[in-house]
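The structure appears right after this line, and notes come after that.
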Amino acid sequence: MDKFRLLLAPETPSSASSSTPARRAGSVTLRQNDIDAADNATLMDPANKSLADALNVLLGIIYIAVGALFLAYIAKGFNRVQEGEQGIRVVFGKMTESQLPPGLHWAPPFPFGELLKVSTGVERVAIDEDFWVAIPAGTVNQSLDNLGTPMSLKPEDERTGSIITGDGNLVHARWSATYRRKNTREYAENVLLTQEQELVRSAVKVGVVRACAETSIDVLLRQSADSSESGVAARAKQMTQETLDAMNSGISIETMQMTEVTPPLLVRKDFAAVQAAASKSQKALEDAQTERSKVLNETAGELSGYLLERIDAYEAAIATGDAAKQTTVLAEIDNAMQGNTVKVNDRELRVSGSVTKSIADAQAYRSEVVSLAQSKDRRFSAMSSQFESNPLVMTQREWASAVSAFYGKPQIQMLWLPASNAGDILQLSLNRDPLIQREIDKKVREQEALKARADQLKRMQRSGFTTETPNETTGE
């Protein structure tokens, strides 16, 4: 840069002594300064130098401040998406990325962009008044029993709401639903936060009306309050979701539940009586089914279902006159009843329960009858031979044996009386000796117990079952 210096011409002696000042060659001379940087530094005024230093420091501070502001602006774009939220990155008013997971994310700060946060937690909406009986303001006890019975089906209060069922009846109901914002992009594009609750409420009411229009009042009144995954509640949930999906709302219905339901107040008592009768009938049916299962299990155990199915097949074969089928099915039943293993649905089962005792008793009785008949036959044959050879001896022996057996019974007590003269009358008033009677009763009980134990052992041996004793396990 060119620099200029102001120079004054020096005075000469001749001019100083002259009375008339002589015209000087020049009082001011401007010339370009070509002095180097070192000369300028030595010639610069100290004040100008201080000013230049101050300006340089100020310029450095400005650079630092601008850099800090720029870094602060960049840092302002970092935001944390919390748990239960999803982030949406917006650049120049356009969503560039959605459904950002929880964590730290960056988006250009305002006015170039922003990071939107959308809660994905569960929200609840309740339909408590739209389809319910209007309850007067200030009512402390809001039970329907305290509202009285109206004179007609037409509601006296215009706030009363109802639903038309599939069979043309009216019903009052309260509903609740839970939802979450699942597709944050669609939600941010199409739903206003201030209108979200009303939007979901409207969709729920549409779903409820459509679902109830497909259901009869009897089915609707039987729906329990916790049946949110079946029946009319499931159908209403499906239709509500269809309505929200048609609007691209990005909202997903999680659960939908009918919390209360009642027929119109005019016929409420009549419906209650019908429901009570139906409930009683259902309870009786359940009790019968429980008793049936108990009896079948006690009778045949796990094989009861198989035996019932085979018995039905046997009766069907009899009805159709299929002799071959009858023989086959009866053989299968006999095989199972004998305690043999039967394969049912890839499981090997064996009959158990009281049927095994009945079969064992029948088999024991059959053996006893046959054995007794054979024994009687052999004895009769032997007695017949003896009678033919010597009738008198055989008859006396049999009489003696019969009398001895009679006297040998524990219940018989014999009294020995002294000899008396002809015509004497002997009168005795006697009771059974209590000591002897107690001893007789004790022996009878012991014999009965031994016989019962012997019969039980015989049945177990014939049926092929085992029983455990304290020291060993016996069985066939």
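In this text, residue positions in the sequence shown follow the working numbering: the first is 688, and each later residue adds one. C-beta atoms are modelled at their ideal positions from N, C-alpha and C, and glycine is treated no differently.
Under the three-state reduction of DSSP output, ALA813 falls in the strand class. Excluding sequence positions up to five before and after GLU784, its CB lies within less than 6 Å of the CB of ARG776, all in the same chain and listed in chain order. Look at GLY1095 here: in three-state DSSP terms it is coil, with no helix or strand label. The beta-carbon separation of ASN935 and GLU873, rounded to 5 Å, stays under the 8 Å limit for a contact. Note: GLY790 is bridge-paired with VAL768 in the DSSP secondary-structure output. DSSP places GLN1061 inside the alpha helix (DSSP H), whose first and last residues are 1041 to 1076.
Pairing TYR993 with LEU983, the inter-Cα distance amounts to about 11 Å. Looking from the CA of ARG811, the closest CA among VAL878, VAL805, GLU1135, ALA864 belongs to ALA864. Secondary structure at LYS869: coil, using DSSP grouped into helix, strand and coil. HIS859 is positioned such that its CB atom lies no closer than 9 Å to that of VAL895. Contact between GLY853 and ALA900 holds: CB atoms are separated by about 6 Å, below the 8 Å threshold. In this structure, DSSP gives ALA900 a state outside helix and strand, which the three-state scheme calls coil. If only complete runs of 4 or more residues are kept, the region 905 to 983 shows the alpha helix (DSSP H) at 918 to 933, in order along the chain.
If you draw a straight line from the Cα of PHE1074 to the Cα of LYS1096, it comes to about 27 Å. Note that the C-beta distance between TRP862 and MET943 is below 9 Å. Partner residues in a beta bridge of GLN1114, as assigned by DSSP, do not exist. In the DSSP annotation of this structure, the continuous segment of the alpha helix (DSSP H) that includes GLY747 starts and ends at 733 to 763.
DSSP places GLY800 in the uninterrupted beta strand (DSSP E) bounded by 800 to 806. Around the beta carbon of TYR1052, fewer than 16 other beta carbons sit within 10 angstroms, so the residue counts as exposed.
At a Cβ-Cβ threshold of 9 Å, ALA960 and ARG909 do not count as neighbours. Annotation: the continuous alpha helix (DSSP H) that includes LEU994 extends over 991 to 1007.
Two segments are said to touch when three or more pairs of C-beta atoms, one from each, lie closer than 8 Å; by this definition the region 1000 to 1018 does not touch the region 1109 to 1124. A residue is called buried when at least 16 other Cβ atoms come within 10 angstroms of its Cβ; PRO733 does not meet this threshold and is exposed. SER1058 has its alpha-carbon roughly 34 Å from the corresponding atom of GLU1002. Per DSSP, LEU1036 is not a residue of any alpha helix (DSSP H); the beta strand (DSSP E) it occupies stretches across 1034 to 1036. Assignment of GLU1085 by DSSP, reduced to helix, strand and coil, places it in the helix class. Excluding sequence positions up to five before and after LYS1130, its CB lies within less than 6 Å of the CB of PRO1097, all in the same chain and listed in chain order. When the five nearest sequence neighbours on each side are left out, the beta carbons in the same chain lying within less than 7 Å of the beta carbon of THR871 are those of GLN773, ILE775, SER785, GLN786, VAL805, GLY937, in order along the chain.
C-alpha of THR1043 to C-alpha of ARG1119: approximately 44 Å in a straight line.
In this structure, THR946 is the residue among THR946, ALA1047, ILE761 with its C-alpha nearest to the C-alpha of ILE814.
In the DSSP assignment, GLU784 is bridged to ARG776. DSSP places VAL1029 in the strand class (E or B) of the three-state scheme. The beta carbons of VAL768 and PRO789 sit about 5 Å from each other, so the pair counts as a contact at 8 Å. Between the alpha carbons of GLU1126 and VAL1090 lies a gap of roughly 22 Å. Per DSSP, VAL1016 is one residue of the alpha helix (DSSP H) stretching across 1010 to 1024.
Ranked by Cα distance from PHE818, the first of PHE779, SER889, ALA1011, PHE797 is SER889.
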